[in-house]
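K.L.:
Sharing a structure, written as structure tokens. Questions coming.
There are 2 protein chains.
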Amino acid sequence: MKIGELSRRTGASIRSLRYYEAQGLIAPLRESNGYREYSPMAEDQVRTIRFYLQLGLTTEQIAGFLNCVLSRPETFCTEVLPVYESKLADIEAQIAQLKRIRDNLVDRISSFRGESEQGEGVSTRDERSERYEF
Amino acid sequence: MKIGELSRRTGASIRSLRYYEAQGLIAPLRESNGYREYSPMAEDQVRTIRFYLQLGLTTEQIAGFLNCVLSRPETFCTEVLPVYESKLADIEAQIAQLKRIRDNLVDRISSFRGESEQGEGVSTRDERSERYEF
DNA sequence: CTTGACCCTGACATTAATGGCAGGGTGTAT
DNA sequence: ATACACCCTGCCATTAATGTCAGGGTCAAG
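Chains as they are written, first to last, in the numbering used here: chain A, 1 to 134; chain B, 1 to 134.
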């Protein structure tokens, strides 16, 4: 199939499909006129790429294990686990940082509410940690 | 004081101090030689700017209420609350999204652990599409 | 008068995936 | 042959604050 059809089938823009190729994630054949010709398997391949992108992995990381996971179960690919673990650490750190900012914002917002009557920051902290715990 | 000293006192790089000025957050006088001359109050002003930046607000948002909060308690500045609330909504959404990704990663990581004892993955396809769910 | 520590402006780079345009070729149906 | 849908490459833009040059003034001390 040609790039337009693959785009329609996968939801990836034509621009993105060309980008994945430039990043070495997919290698369509070329017809004599220069058009890309994708095999039917490309559809699954693109969906797999997009899934890993949604997990926040980079094209470079995906390139490191894509061939493996396309041909066998993910759990057989030893390259995948460290990538997951490193990404997970990133995510946890980001969440922690965002939580700090959020708590600060919540404090400051609640001090606006308190300002119209009297007492300042009551013991919002306990309520907050309950509500936001996860 | 000149820009180098203000930088040392506040921890903001010289580049950043110039940037804050370009964004309309601070307006030092100019000496006849073109050098910026900052009043002593600028030190507090820069610290205030940096604090709001740490909360994730943009220079544009900060510009919208900086004059007010510099001259009276924050809770008297009605421009601030909606900015906080909007930022808080962003943060909550980001946290929720990161949590989804994290949960997915945790699942996938734990499936590696289980795989060492379990039988093979016969149908790679089905497993993968199941786990693709967010 | 030179050195060295300051200061100035302006411009480009950074990150990563994607959008979008310009300028052009291909293929098919009318 | 002409319209139209499709494809190609290459390039610039995006976000927002900051880093980092280049090329050049200012000024005090020696």
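For every residue, glycine included, the Cβ atom is placed at its ideal position computed from N, Cα and C.
Being a predicted model, the structure only gives us computed values, none of them experimental.
Which residue marks the beginning of the alpha helix (DSSP H) containing residue 171(B), and which one marks its end?
P.N.:
Absent from the structure is residue 171(B), since the part of chain B shown begins at 1 and ends at 134.
K.L.:
Short check: CB of residue 90(B) to CB of residue 64(B), under 9 Å?
P.N.:
Cβ distance not < 9 Å, so residue 90(B) and residue 64(B) don't count as in contact.
K.L.:
Work out the CA separation of residue 76(B) and residue 69(B) for me, nearest whole Å.
P.N.:
Taking the straight line joining both Cα atoms gives about 8 Å.
K.L.:
Would you grab the beta carbon distance between residue 101(A) and residue 85(B) for me? Rounded to a whole angstrom, and I think it's under 8 Å.
P.N.:
With 8 Å as the limit, residue 101(A) and residue 85(B) do not qualify as a contact, their Cβ atoms being about 14 Å apart.
K.L.:
For chain A, check one thing: does any of its Cβ atoms lie closer than 9 Å to the Cβ of residue 109(B)?
P.N.:
So yes, residue 109(B) belongs to the interface.
K.L.:
Using only CA atoms, which one of 53(A), 61(A), 107(A) lies nearest to residue 104(B)?
P.N.:
Nearest of 53(A), 61(A), 107(A) to residue 104(B), Cα basis: 53(A).
K.L.:
Out of curiosity, what's the CA-to-CA distance linking residue 114(B) and residue 13(A)?
P.N.:
Their Cα atoms are separated by approximately 36 Å.
K.L.:
Please list, in chain order, all residues of the same chain as residue 123(B) whose beta carbon is under 7 Å from its beta carbon, the five residues on each side excluded.
P.N.:
Any reading at residue 123(B) needs caution, since the residue's pLDDT is 38, under 50, leaving its predicted position unreliable; the model's value is listed next. No residues qualify anywhere along the chain.
K.L.:
Can you name the residues of chain B whose CB is closer than 8 Å to the CB of residue 102(A)?
P.N.:
Those are 88, 91, 92, 95, listed as they occur along chain B.
K.L.:
Work out the CA separation of residue 47(A) and residue 128(B) for me, nearest whole Å.
P.N.:
At residue 128(B), the pLDDT of 42 sits below 50, so the modelled position is not reliable; the number obtained from the coordinates is stated separately. Cα to Cα, the separation comes out at about 11 Å.
K.L.:
Hey, out of 97(B), 95(B), 50(B), 80(B), whose CA is closest to residue 111(A)'s CA?
P.N.:
Ranking 97(B), 95(B), 50(B), 80(B) by Cα distance to residue 111(A) puts 80(B) first.
K.L.:
Tell me whether residue 79(B) sits in a helix, a strand or coil according to DSSP, three-state version.
P.N.:
Looking at residue 79(B) - three-state DSSP - the assignment turns out to be coil, as it is neither helix nor strand.
K.L.:
So what's residue 25(B) in DSSP terms, helix, strand or just coil?
P.N.:
Residue state, collapsed to three classes: coil.
K.L.:
With the cut-off set at 9 Å, would you say residue 36(A) and residue 11(A) are in Cβ contact?
P.N.:
Not closer than 9 Å, so no.
K.L.:
Taking the alpha-carbon positions, what's the residue 1(A) to residue 96(A) distance?
P.N.:
Approximately 45 Å, taken between the alpha carbons.
K.L.:
Would you check if the distance between the CB atom of residue 6(A) and the CB atom of residue 42(A) is smaller than 9 Å?
P.N.:
Yes, these two residues count as a Cβ contact at 9 Å.
K.L.:
Using CA atoms only, rank isn't needed, just tell me which of 25(A), 3(A), 4(A) is closest to residue 58(A).
P.N.:
Comparing Cα-Cα distances from residue 58(A) to each of 25(A), 3(A), 4(A), the minimum goes to 25(A).
K.L.:
To the nearest angstrom, report how far apart residue 18(B) and residue 83(B) are at their CA atoms.
P.N.:
Roughly 24 Å between the two C-alpha positions.
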